[in-house]
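Student: Read in order, the letters of the sequence shown are residues 1 to 353 in UniProt numbering. Glycine is no exception: its CB is placed at the ideal position from the N, C-alpha and C atoms. All figures in this text were calculated on a predicted structure; none of them were measured in a lab.
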Amino acid sequence: MLTKAGDEIKEMSSEQAAEYFLSLLSASGLSEKTIRSYRAAIYDFLNFSKVKRLNEISQNLILNWINYRLKNGFEKRGGKEEKRKIQSTMHYYTLFLRKWLTWAGFDSKIVPIVKKPQSGEISALTKEEIDKLFSSSRDLLDMLIISLLFETGMRANELLSITADDVDLTDGEISVKNAKYGKVRTVFLGENSKFLLAERVKNISSGERVIPLSYNGLYKRIKSLAKRAGIPLEKVRPHILRHTFATEAVRSGMSLPALQKILGHSDIKVTQIYTHLLKDDLKKEYYSKFTSSREKTMSKNDESSAFNDENIHEDIKFCPNCGKKLPPGSKFCPFCGYRLPLVGSDGSNQIET
Numbered sequence: 001m002l003t004k005a006g007d008e009i010k011e012m013s014s015e016q017a018a019e020y021f022l023s024l025l026s027a028s029g030l031s032e033k034t035i036r037s038y039r040a041a042i043y044d045f046l047n048f049s050k051v052k053r054l055n056e057i058s059q060n061l062i063l064n065w066i067n068y069r070l071k072n073g074f075e076k077r078g079g080k081e082e083k084r085k086i087q088s089t090m091h092y093y094t095l096f097l098r099k100w101l102t103w104a105g106f107d108s109k110i111v112p113i114v115k116k117p118q119s120g121e122i123s124a125l126t127k128e129e130i131d132k133l134f135s136s137s138r139d140l141l142d143m144l145i146i147s148l149l150f151e152t153g154m155r156a157n158e159l160l161s162i163t164a165d166d167v168d169l170t171d172g173e174i175s176v177k178n179a180k181y182g183k184v185r186t187v188f189l190g191e192n193s194k195f196l197l198a199e200r201v202k203n204i205s206s207g208e209r210v211i212p213l214s215y216n217g218l219y220k221r222i223k224s225l226a227k228r229a230g231i232p233l234e235k236v237r238p239h240i241l242r243h244t245f246a247t248e249a250v251r252s253g254m255s256l257p258a259l260q261k262i263l264g265h266s267d268i269k270v271t272q273i274y275t276h277l278l279k280d281d282l283k284k285e286y287y288s289k290f291t292s293s294r295e296k297t298m299s300k301n302d303e304s305s306a307f308n309d310e311n312i313h314e315d316i317k318f319c320p321n322c323g324k325k326l327p328p329g330s331k332f333c334p335f336c337g338y339r340l341p342l343v344g345s346d347g348s349n350q351i352e353t
């Protein structure tokens, strides 16, 4: 956390104060990507408001900027932007602007924080799709990329910054130094990643990057893998493999605090988005176990009936009592309990008594 600015800040222009703040962030160890985000937020506000000195900044100006952006988006980006994306950008922009102005001596309340939009459904690959990506790999680098992203949960920029010095094959660890929030963390290697990394580091020198690609190069390589694997291209991105790691970890019973540390999330609420997949698994388990058990019980009860399972009216799609859609082969409505009509040998509908 930065120490608040001294009196010297009062003598600076708004741009000088911004550059001084950004230089302090850089000296504190924040990544270049994070600093670029701070710069974009601060200068977007300064360019909109046209203020020259810090003492010209008011909450009214900030509110005008927020409202304008939420309504009109960012014209320079081109094309029509989704409201959700604009809101997400402004959530971070207001956070960054608040940190700058708080450092400069303003009350933190001067910058209202735009609410972050609710996260959409998390996409993840199936085990079969992961296997297809491995099978479609052309070389060691292809396999290493998929293995590291899937087995460690690293972000793409973290993967691309790893050097031979960051790899500890003895303990099966990688030290992630280019993390999102400027904090060093440790991720762990699966057996596949350990084997592939051992082969890779044989051929590179100390300080050399393990994955010698730009982000665009990584993105194109993964898309090419997806195409050869026959997986829809929109389903496969570097971050999807991170999601896949996290969802598999939750399904395997890893605790959220442990997963939070491995993923490098600053807030456990972000990690909690993966629990919805666990809920889906539980739902499937419930229906497979409970429904099959219920059907067995009902079959025994029906043995003495004049009608067998072949007599169930397969054409009944909706409950005659409550009108809700019925699961295939239902003997009674799971919503209201209504016993469904059966079809006698003469084709007439009958109700069991």
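In angstroms with no decimal places, state the Cα-to-Cα distance between residue 267 and residue 107.
Tutor: Roughly 24 Å between the two C-alpha positions.
Student: Out of curiosity, what's the CA-to-CA distance linking residue 57 and residue 51?
Tutor: The straight-line gap from Cα to Cα measures roughly 7 Å.
Student: Straight-line CA distance for residue 310 to residue 324?
Tutor: Residue placement at residue 310 is flagged as unreliable, the pLDDT there being 43, under the threshold of 50; the coordinate-derived value follows with that caveat. Residue 310 and residue 324: Cα-Cα distance of roughly 23 Å.
Student: Label residue 357 either buried or exposed according to how many other C-beta atoms from any shown protein chain fall within 10 Å of its C-beta, with 16 as the threshold for buried.
Tutor: The chain is shown from 1 up to 353; residue 357 falls before or after that span and cannot be answered.
Student: Assuming residue 45 and residue 68 form a contact by the criterion Cβ under 8 Å, report the distance between their Cβ atoms to the nearest whole angstrom.
Tutor: With 8 Å as the limit, residue 45 and residue 68 do not qualify as a contact, their Cβ atoms being about 11 Å apart.
Student: Between which two residues does the alpha helix (DSSP H) holding residue 174 run?
Tutor: Unbroken run through residue 174 is the beta strand (DSSP E), 173 to 176; no alpha helix (DSSP H).
Student: Alpha helix (DSSP H) containing residue 106: first to last residue?
Tutor: From DSSP, residue 106 is part of no alpha helix (DSSP H); its letter is neither H nor E.
Student: So, with DSSP's three-state summary, where would you put residue 168?
Tutor: Strand, per DSSP.
Student: In chain order, what residues of the same chain have a beta carbon less than 7 Å from the beta carbon of residue 249, not counting five sequence neighbours either side?
Tutor: The residues are 259.
Student: When DSSP labels each residue in this structure, what does residue 325 get in the three-state scheme?
Tutor: Strand.
Student: In whole angstroms, give me the CA-to-CA distance for residue 205 and residue 198.
Tutor: Straight-line Cα distance between these residues: approximately 13 Å.
Student: Which value, in whole angstroms, describes the spacing of the CA atoms of residue 82 and residue 37?
Tutor: Approximately 20 Å, taken between the alpha carbons.
Student: Whole angstroms are fine: how far does the CA of residue 136 sit from the CA of residue 186?
Tutor: If I take the Cα positions, the gap works out to 29 Å.
Student: Taking 6 Å as the cut-off, does the CB of residue 188 come closer than this to any heavy atom belonging to the ligand FMN?
Tutor: Absent from the structure shown: the ligand FMN. Ligands present: none.
Student: Taking DSSP's pairing of strands, which residues face residue 188 in a bridge?
Tutor: Per DSSP, 173.
Student: For residue 126, name the three-state secondary structure that DSSP assigns.
Tutor: Coil, per DSSP.
Student: If you scan the UniProt domain "Core-binding (CB)" (12 to 105) from start to end, which runs of the beta strand (DSSP E) of 3 or more residues do you find wholly inside it?
Tutor: With a minimum length of 3 residues, no continuous beta strand (DSSP E) run stays inside the UniProt domain "Core-binding (CB)" (12 to 105).
Student: Tell me, which residues are paired with residue 163 by DSSP?
Tutor: Per DSSP, 209.
Student: Taking residue 112 as the reference, give the member of 98, 125, 103, 284 with the closest Cα.
Tutor: Of the listed residues, the one whose Cα sits closest to residue 112 is 98.
Student: With distance defined between alpha-carbon atoms, name the residue in 41, 261, 327, 190 nearest to residue 151.
Tutor: Cα-wise, what sits closest to residue 151 is 190.
Student: Please report the straight-line C-alpha distance between residue 174 and residue 163, rounded to a whole angstrom.
Tutor: Those two C-alpha atoms are separated by around 9 Å.
Student: How close, in whole Å, do the beta carbons of residue 124 and residue 54 come, if the pair is a contact with beta carbons under 8 Å?
Tutor: Their Cβ separation, rounded to whole angstroms, is 46 Å, which puts residue 124 and residue 54 out of contact at 8 Å.
Student: Using 10 angstroms around the beta-carbon of residue 89, count the other beta-carbons present and answer buried if the total reaches 16, otherwise exposed.
Tutor: Residue 89 should be labelled buried.
Student: Just grab the DSSP bridge partners of residue 318 for me.
Tutor: Answer by DSSP bridge pairing, in chain order: 325.
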